[in-house]
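J.: Take this structure, written in structure tokens, and hold onto it; I'll ask about it next.
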Amino acid sequence: MTIEVLAVLFLLLSVGGCKSREGETPTRGELTVLASESLAPILREEADAFMSVYPESRISVHEVDTREAIVALLNDSVSFIATDRKFNAEEQRVADKAQPDLEELYIARDALALLVQADNTLEEISMETLGAIMRAEIREWESLPASRLTGTIELVLTGKNSGAYELLKDHFFGLDGEIPVFATLSTQREVKGYVSHHPGAIGLVSAACLKDTTGQSPGEEAPRMVRSLAFTGVDSTGQKASYGFYQAYVHLGKYPLNYPVYICLNDSKSALGAGFSAFIASAPGQKIILDWGLVPVTMPVRLVQLN
1150 MTIEVLAVLF LLLSVGGCKS REGETPTRGE LTVLASESLA PILREEADAF MSVYPESRIS
1210 VHEVDTREAI VALLNDSVSF IATDRKFNAE EQRVADKAQP DLEELYIARD ALALLVQADN
1270 TLEEISMETL GAIMRAEIRE WESLPASRLT GTIELVLTGK NSGAYELLKD HFFGLDGEIP
1330 VFATLSTQRE VKGYVSHHPG AIGLVSAACL KDTTGQSPGE EAPRMVRSLA FTGVDSTGQK
1390 ASYGFYQAYV HLGKYPLNYP VYICLNDSKS ALGAGFSAFI ASAPGQKIIL DWGLVPVTMP
1450 VRLVQLN
């Protein structure tokens, strides 16, 4: 494993020309990582694996909103972030002026699962229908009779600074205004928990959130099971098809709510950051990504349902 990691590291350092702080090397030193909420548990496992191989390294991973991570990097508060979206146009302009040495590394492909409570009998949905919900053109479950529900569709999401919100608003649906959410929650874990307790709710969370085993608070009412909806589409013959939340469908682009995941770092300011990014790009690091339900960049995937 060490030989493979160092081989990738050699390529990165050859390109980036990394200048380390005094006493720091690609396998020794201290590094603070800011990660979007959906990526923080993955980056913590990556850090633990890296530090087990290189015990002279100290990597701390902190969970923040996507926007907060990007702002911290552009302000030079940290040199390493992991995000669930690329810089927007405004952020890129700032980066070009303030941080011209930033390196971007594409490490995985993630996707947003559209969650409902298990008692909801709706099995699949189209992107057009979800877009209508996002634009408040569909507000009631009666418009989706396959659900066998009545009343308001309770759309719950994380806040405006989260990657999930910005992906839905700008990337997937190109909305001019804000998304008409029923409730705004702090974390994707809370979104999943809300759906589990409210039959009329739908929420969107990442693949990693579905793997999260964080328990509920003591005394909290036991949640119901949640499940993800499939999306309707067409197959290679032009026939109607249904694409569930599977890694292979995410990899092939057939599951529509898929998006790339990035590391962004200033490797001229952190040799350890360059070493850690090389580890994540190596086979051991990509295996961790695969195990969390995301699609790694360099490893094959099988048709495995993510929830």
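Letter by letter, the sequence shown follows residues 1150 to 1456 in this note's numbering.
Glycine included, each C-beta is placed from N, C-alpha and C at the ideal position.
(1) Give a single yes or no on whether V1227 has its beta carbon closer than 8 angstroms to a heavy atom of the ligand MG.
(2) Could you tell me the distance, in whole angstroms, from the CA atom of C1413 to the CA atom of P1294?
(3) Would you call S1355 buried or exposed, if buried means 16 or more other Cβ atoms sit within 10 Å of its Cβ?
(4) State the beta-bridge partners of I1208 as determined by DSSP.
(5) Go through its chain and collect everything with a Cβ distance to I1429's Cβ below 7 angstroms, but skip five positions before and after it.
(6) Please look up how many angstroms separate the CB atoms of Q1248 and L1264, rounded, as I've assumed it's under 8 angstroms.
(7) Specify whether the stretch 1373-1385 and the stretch 1402-1421 touch according to this definition: at least 3 beta carbon pairs, one from each stretch, less than 8 angstroms apart.
(8) Taking only the alpha-carbon atoms, compute the straight-line gap between A1432 and S1185 and give it to the nearest angstrom.
(9) Can you name the residues that DSSP bridges to D1259?
(10) Please classify Y1343: does DSSP put it in a helix, a strand, or coil?
(11) Assess contact between the stretch 1343-1354 and the stretch 1302-1317, defined as three or more Cβ pairs (one per stretch) separated by less than 8 angstroms. Is contact present?
(12) With distances taken from CA atoms, which of L1317, V1444 and D1416 is nearest V1227?
(13) Roughly how many angstroms lie between the CA atoms of D1440 and Y1398, to the nearest whole one?
(14) Between the Cα of L1279 and those of R1207, L1324, E1173 and Q1388, spot the shortest distance and give me the residue it belongs to.
(15) Assuming contact is defined by CB atoms lying nearer than 9 angstroms, are P1480 and R1284 in contact in what I supplied?
(16) Using the rule of at least 16 other Cβ atoms within 10 Å of the residue's Cβ for burial, across every protein chain shown, is P1204 buried or exposed?
(17) How many Å lie between R1242 and A1390 at the Cα?
(18) Sorted by chain position, which residues of the same chain lie with C-beta nearer than 7 angstroms to Y1392's C-beta, five sequence neighbours on each side aside?
(19) Give the straight-line distance between the Cα atoms of D1319 and H1346, rounded to the nearest whole angstrom.
(20) Does DSSP classify G1382 as helix, strand or coil?
(21) In angstroms with no decimal places, state the Cα-to-Cα distance between T1176 and G1424.
(22) Going by alpha carbons, who is nearest to N1310 out of I1191, T1232, S1201 and I1437?
(23) Verify whether the separation of the beta carbon atoms of L1183 and E1239 is less than 9 angstroms.
(24) Using 9 angstroms as the threshold, is the C-beta distance between A1262 and L1359 below it?
(25) Pull up the distance between the alpha-carbon of T1174 and that of V1202, whole angstroms please.
T.: Answer, in terms of the structure:
(1) The ligand MG is absent from the structure shown, which contains no ligand whatsoever.
(2) 44 angstroms
(3) buried
(4) L1180
(5) So the qualifying residues of the chain are E1195, I1256 and I1412.
(6) Not really, about 36 angstroms apart at Cβ, beyond 8 angstroms.
(7) yes
(8) 23 angstroms
(9) Answer is Y1408.
(10) helix
(11) The stretch 1343-1354 is in contact with the stretch 1302-1317.
(12) D1416
(13) 16 angstroms
(14) L1324
(15) Absent from the structure is residue 1480, since the part of the chain shown begins at 1150 and ends at 1456.
(16) exposed
(17) 41 angstroms
(18) A1379, F1380, G1382, Y1398, K1403 and Y1404
(19) 29 angstroms
(20) strand
(21) 6 angstroms
(22) From the listed residues I1191, T1232, S1201 and I1437, the smallest Cα separation to N1310 is found for T1232.
(23) One thing to note: L1183 has its Cβ no nearer than 9 angstroms to the Cβ of E1239.
(24) yes
(25) 14 angstroms
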